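Worksheet: one structure, shown below.
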Amino acid sequence: MSDRTGDGMSNREGDGMSDDMSDGMREGMNEGCNVGINGGKPDRTSDRKVDHRPGRTTGPLVDLQLDRAHSSRIYDYFLGGKTNFLADRVAAASVLSVFPSALIAARINREFMHRTTRCLVKAGMRQFLDIGTGIPTPPNLHDIAQGIAPDARIVYTDNDPIVLAHAAALLLSTPEGRTAYVQSDVNDPEAILAAPQLRDTLDLRKPVALSLNALMHFVTDDGRDRAHTIVDTLKSALPSGSTLAMTHATPDFSPDTMQKIVEIYRGAGTVLQFRSRGEFLRFFEGWELMEPGVALSHQWRPDRPEDATYVTDAEAGCYAAVARKP
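Each residue of the sequence shown is one higher than the last, beginning at 20 in my numbering.
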């Protein structure tokens with residue numbers, strides 16, 4: 020389960036890309052493209068040598084691992100995206116067989132990101148770090164943030180080579196603001212914080228809105244409390260006034276179903292660890308929870324009162340919260 024978006028469920032067959040696959044993705048597959056557009060100009064997002072042709076880089080080929088399911092592409096399928104393959108669709112079908120509301124859970128999780136971004140921008144936040152970005156489908160975080168505050172700055176981070184191939188879509192910033200993409204893994208938070216793309220885009224002396232939507236349940240503790248250690252590392256690098264917006268799948272309402280999902284993902288090569296409300300709450304230790312505190316993802320400040328009641332707790336299956344650093 021992950022923070023991905025789209026508009027309807029896909030029902031394609033086969034194991035190749037759709038015919039309407041973007042040119043940028045084709046180039047990303049063939050050349051490992053990682054140059055985006057910032058203010059209409061090529062924006063280097065790695066230390067690779069930039070080709071003289073706009074939008075192209077030189078470098079090693081990117082292995083898209085299309086023969087194995089990936090969490091971001093599974094969610095792309097759930098939500099009607101076009102960037103998924105046979106292995107992803109097989110895994111998605113297995114999840115839907117035990118958890119048909121996965122489609123609903125994904126949508127309300129994405130809607131939480133939309134609401135929190137609007138809320139934080141209106142409260143004055145102008146810097147965002149979105150880790151576990153996923154396959155971009157508008158509106159992305161920067162679309163919402165810069166739609167309200169054109170000078171907002173956003174750094175996206177993900178470890179899926181498919182997202183790398185799509186990075187240009189995440190780098191279409193307003194002239195007043197800026198966006199950047201870091202190809203990195205949340206399991207190495209120090210590398211994310213030290214990335215030159217991040218340092219060139221965000222001022223870590225000023226408040227940053229950290230987004231970890233539907234991400235940390237892909238980090239297992241392995242007896243070492245790794246997930247909380249990672250989040251604490253990220254939190255400690257941010258100054259007073261920064262915020263953490265986070266969602267996380269939970270087994271609290273349907274433990275048998277959630278265990279089956281863990282097993283399905285494990286069979287597809289991805290480990291999961293769903294956490295209880297108490298374990299989720301620990302991610303925010305030392306920070307001040309914003310109202311209404313920990314809630315299910317569709318119940319955190321819904322746009323309409325009825326939005327908080329149209330699904331059951333078990334169908335949502337995901338906690339959400341936003342906190343501010345004192």
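For every residue, glycine included, the Cβ atom is placed at its ideal position computed from N, Cα and C.
Predicted model, so just to flag it, every value in this text is computed and none were measured.
Residue range R197 to Q202 is occupied by the beta strand (DSSP E) that includes R197. Counting only the Cα atoms, N103 lies some 25 Å from T198.
Taking C-alpha positions only, A335 is separated from H267 by approximately 11 Å. In the DSSP assignment, I173 is bridged to F147 and T198. Excluding residues up to 5 positions away in sequence, F147, D149, L160, H161, A164 and T198 lie with their Cβ nearer than 7 Å to the Cβ of I173 in the same chain. Using a Cβ distance threshold of 8 Å, T193 and P158 do not count as a contacting pair.
A distance of 8 Å or more separates the beta carbons of A287 and F131. The straight-line gap separating the alpha-carbon atoms of I249 and V205 is approximately 7 Å.
Nearest in C-alpha terms to P208, of all of R224, A246, G242 and Q318, is A246. The Cβ atoms of F97 and A106 do not sit closer than 8 Å to each other. The segment 272 to 286 and the segment 320 to 327 do not touch, with fewer than 3 CB-CB distances between them shorter than 8 Å. As DSSP reads the structure, H267 sits in a beta bridge with Y338. If you draw a straight line from the Cα of P215 to the Cα of A327, it is about 41 Å long. If you compare the alpha carbons of P270, F272, L229 and P258 with that of A264, the shortest gap goes to L229. Membership of A210 in the alpha helix (DSSP H) is indicated by the continuous run P208 to A213. Nearest C-alpha to P119 among R296, R294, S273 and F299: S273. Taking C-beta atoms as the reference points, I211 and V227 fail to come closer than 8 Å.
In the same chain as N178, and ignoring 5 residues on each side of it, the C-beta atoms closer than 6 Å to its own belong to D204, in chain order. When Cβ pairs closer than 8 Å are counted between the two stretches, the segment 235 to 242 is seen to touch the segment 282 to 302, the count reaching three or more.
One alpha carbon belongs to R92, the other to L115, and they sit about 15 Å apart. Sorting A142, P311 and T176 by C-alpha distance to the C-alpha of L234 places T176 at the top. In terms of Cβ geometry, V330 and I127 form a close pair [threshold 8 Å]. Residue environment: I167 is assigned as exposed (fewer than 16 neighbouring CB atoms within 10 Å of its CB, all protein chains considered).
In the DSSP annotation of this structure, the continuous segment of the beta strand (DSSP E) that includes N232 starts and ends at A228 to N232. When DSSP states are grouped into helix, strand and coil, A168 belongs to the coil group.
If you draw a straight line from the Cα of L221 to the Cα of R296, it comes to about 32 Å.
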